[in-house]
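Going by UniProt numbering, the residue at position 537 of the sequence shown is 537; the numbering climbs one at a time, nothing skipped.
Cβ atoms here follow ideal geometry from the backbone N, Cα and C, with glycine treated the same way.
Presented below is the structure to which this report refers.
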Amino acid sequence: MNHKYLFIVGGVMSGVGKGTSSAALGLTLKSKGYDVTAIKIDPYVNLDAGTMNPVEHGEVFVTVDGDETDQDVGTYERYLEIEIRKINYMTTGRVYQSVIERERNLEYGGKCVEVVPDVPEEVIRRIKLASDEAKSDITIIEVGGTVGEYQNVLFLEAARMMQVEDPDGVRFAMVSYLPVPQSIGEMKTKPTQYAVRTLNAAGIRPDFIIGRSSLPMDKPRKEKIARFCSVPWDHIIGAVDVKSIYDIPRVFEEQNFAGLILESFGLENRSSELGRWNEFTDKITNATTEIKIGVIGKYFSTGDFVLSDAYISVLEAIKHAAAENIVKAKVDWLNSEEYEKDPVKISELSDYNGLLIPGGFGSRGIEGKIKVIEYARTNNIPYLGLCYGMQCAVIEFARNELGWKDAHTTEIDEKTSHPVIHIMQDQKKKMEEEDYGGTMRLGSYDCHLAEGTISRQAYGQSDISERHRHRYEFNNDYRKELEDAGLVIAGVNPTQDLVEIVEIKGHPFFVGVQFHPEFQSRPLSPHPLFVNFIKAAKEKK
Ligand code: GLN
1 MNHKYLFIVG GVMSGVGKGT SSAALGLTLK SKGYDVTAIK IDPYVNLDAG
51 TMNPVEHGEV FVTVDGDETD QDVGTYERYL EIEIRKINYM TTGRVYQSVI
101 ERERNLEYGG KCVEVVPDVP EEVIRRIKLA SDEAKSDITI IEVGGTVGEY
151 QNVLFLEAAR MMQVEDPDGV RFAMVSYLPV PQSIGEMKTK PTQYAVRTLN
201 AAGIRPDFII GRSSLPMDKP RKEKIARFCS VPWDHIIGAV DVKSIYDIPR
251 VFEEQNFAGL ILESFGLENR SSELGRWNEF TDKITNATTE IKIGVIGKYF
301 STGDFVLSDA YISVLEAIKH AAAENIVKAK VDWLNSEEYE KDPVKISELS
351 DYNGLLIPGG FGSRGIEGKI KVIEYARTNN IPYLGLCYGM QCAVIEFARN
401 ELGWKDAHTT EIDEKTSHPV IHIMQDQKKK MEEEDYGGTM RLGSYDCHLA
451 EGTISRQAYG QSDISERHRH RYEFNNDYRK ELEDAGLVIA GVNPTQDLVE
501 IVEIKGHPFF VGVQFHPEFQ SRPLSPHPLF VNFIKAAKEK K
């Protein structure tokens, strides 16, 4: 197949929105009738994002085929409305691992295997394979990090080699940052000029520059960048901060960004169809009623700063569901540890219209989570528990409704007399052998929904498939007693008889799911559980 390749690289600094720019651009290209896929290159040596600390690296996103990836893959899925596969995510570790495995299998036929060109060639092989599998017209490849960093040199070399091989089929866009220092009060282009020179030193000339900034880019700035960076004036795209990240496609469309890319590839510039997307962003703009959602977790503090990146898919899923309900969701990040000792703190939760506990690991803050769940359950506050949030709901119910005071998950207390959550059979051995990376129950599994449950009504169907990432599960030995005491088993995996959803009868909305529904929520198809959770929160208000 004859794919076109668009590389997105970063200049000046990280964290300026390469992922969102790539996804938004992908959406506008797709809206012109082209099949688009996106690839993320993460320069870390880790084989996947599963072993990276979420406070440092952000959320671990899970694909349908069970890969643990960078959060940008989630961003692509949300904008492009496609399922991204494992082959679309690569790290330095993954590339080297393939090269070394092939060398061991004598696939290099006795030749000396070298960093260049053998490593970039493996990168190219993966890019082409992903494009073939997705049958894409255009493949967007986001190179993580910033040009000039030692880590991404081999990826840039791969990109350069691809352009040598197919000069008409490979283009480059640099996402750069244009600071407006307070003391000067003027937008500065020099950092961008340096970044472009650095890219030039790698043998690459950018075809487009996306200028991220807090204020709109004016004409003199564009002219300066054009002249000093050898990029046509109209190929310098302004990307000013917007209220909602979902407005970025519109910002790009206003500058005909996708049209110019198609033109530079020699592809026909068909008219764009962003109608449904605009309806979605209109809903965000038109919402006036505000509801308050508390998300209780532990991965947000980094020094003096609070980051919500560790829960980005949860946050986005809330936004999609809020738009669907035409409300604004104000999300507060609440530290679970604060609820462990302070009873006054717990009563402050009455301010919230809905409470959500996302996935998590380990003992820090778990008692606080259990307290929050008790409060939500007994005070009829809509509650959505995701993965650990479901497991903690089972523990809370066992302790407070059945009086099993030491009920726990064996993740925290191996000696509990009531291990209501325990390690999955096939995970036991992996833990004993210290086989940690990429070994959880990962990816999509089926779930059958029981009739008459909140979940069945929300999904509007009896059988669903959702993405997982965990080692522990509901212990079926306690199923009967918990059910008799009023816990509703609303969803079960049909092949392994694993409990995947628990609910509380008579509660306005109390749902705990063993899976991660947030990974499948998209602006144009918000997730039914989130939609109904937000609906219940709206009614509560
Ligand atoms: N720590 C729990 C487990 O491993 C939950 C994981 C999660 O919330 N993703 O089963």
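- Counting along the chain, the unbroken beta strand (DSSP E) around Met174 starts and ends at 170 to 177.
- With a contact defined as Cβ atoms closer than 8 Å, Ile421 and Phe474 qualify at about 6 Å.
- Around the beta carbon of Glu122, 16 or more other beta carbons sit within 10 angstroms, so the residue counts as buried.
- In this structure, Gly144 lies away from Asp207, with their beta-carbon atoms at least 9 Å apart.
- In the three-state DSSP reduction, Asn46 falls in the coil class, being neither helix nor strand.
- Spatial neighbours of Asn88 in its own chain (CB-CB distance under 6 Å, excluding positions within 5 residues in sequence) are listed in chain order as Ile39, Ala130.
- By the neighbour-count criterion, in which a residue is buried when 16 or more other Cβ atoms sit within 10 angstroms of its Cβ, Trp233 is exposed.
- Here the region 461 to 481 makes contact with the region 411 to 421; the two share three or more CB pairs at distances below 8 Å.
- In the same chain as Asp137, and ignoring 5 residues on each side of it, the C-beta atoms closer than 6 Å to its own belong to Tyr34, Asp35, in chain order.
- Under the Cβ criterion (8 Å, minimum of three pairs), the region 522 to 536 does not count as touching the region 479 to 487.
- A straight line joining the alpha-carbon of Glu432 with that of Gly438 spans about 15 Å.
- Tyr436 carries a coil assignment under DSSP once its states are collapsed to helix, strand and coil.
- Per the DSSP secondary-structure output, Glu290 pairs in a beta bridge with Lys328.
- Bounds of any beta strand (DSSP E) do not take in Asn152, whose DSSP letter is neither H nor E.
- Per DSSP, reduced to three states, the secondary structure at Asn88 is helical.
- The beta carbon of Thr409 sits closer than 8 Å to at least one heavy atom of the ligand GLN.
- Judged by DSSP secondary structure, His470 falls outside any alpha helix (DSSP H) and instead within the beta strand (DSSP E) spanning 463 to 470.
- Relative to the ligand GLN, Gln520 has its C-beta separated by 8 Å or more from all heavy atoms.
- Between the ligand GLN and the CB of Tyr472, the shortest heavy atom gap is smaller than 8 Å.
- If one requires a minimum length of 4 residues, the alpha helix (DSSP H) runs lying completely within the region 203 to 280 are 219 to 229, 248 to 254, 257 to 265, in chain order.
- For Arg441, the three-state secondary structure derived from DSSP is strand.
- Annotated as distal: Gly10 and Lys4, with beta-carbon spacing of 9 Å or more.
- Going by DSSP, Lys4 is part of the beta strand (DSSP E) stretching over 4 to 10.
- Look at Pro517: its beta carbon is at least 8 Å from all of the heavy atoms in the ligand GLN.
- Shown here, Phe61 sits in a strand according to DSSP, grouped into three states.
- Within the chosen limit of 8 Å, the ligand GLN reaches the beta carbon of Cys387 through at least one heavy atom.
- Tyr339 sits away from Gly359, with the two beta carbons spaced by 9 Å or more.
- Taking every protein chain shown into account, the CB of Pro526 has 16 or more other CB atoms within 10 angstroms, so this residue is buried.
- The Cβ-Cβ distance between Phe257 and Arg171 does not fall below 9 Å.
- Under DSSP, Asn335 forms a beta bridge with Gly297.
- Note on the region 364 to 414: whole beta strand (DSSP E) runs with a minimum of 3 residues are 383 to 386, in chain order.
- For Pro358, the distance from the CB to the nearest heavy atom of the ligand GLN is below 8 Å.
- DSSP places Asn493 in the uninterrupted beta strand (DSSP E) bounded by 487 to 493.
- Judged by DSSP secondary structure, Thr416 falls outside any beta strand (DSSP E); it is assigned neither H nor E.
- A direct Cα-Cα distance of roughly 5 Å separates Leu6 from Ile140.
- Straight-line spacing of the CA atoms in Glu263 and Arg94 works out to 34 Å.
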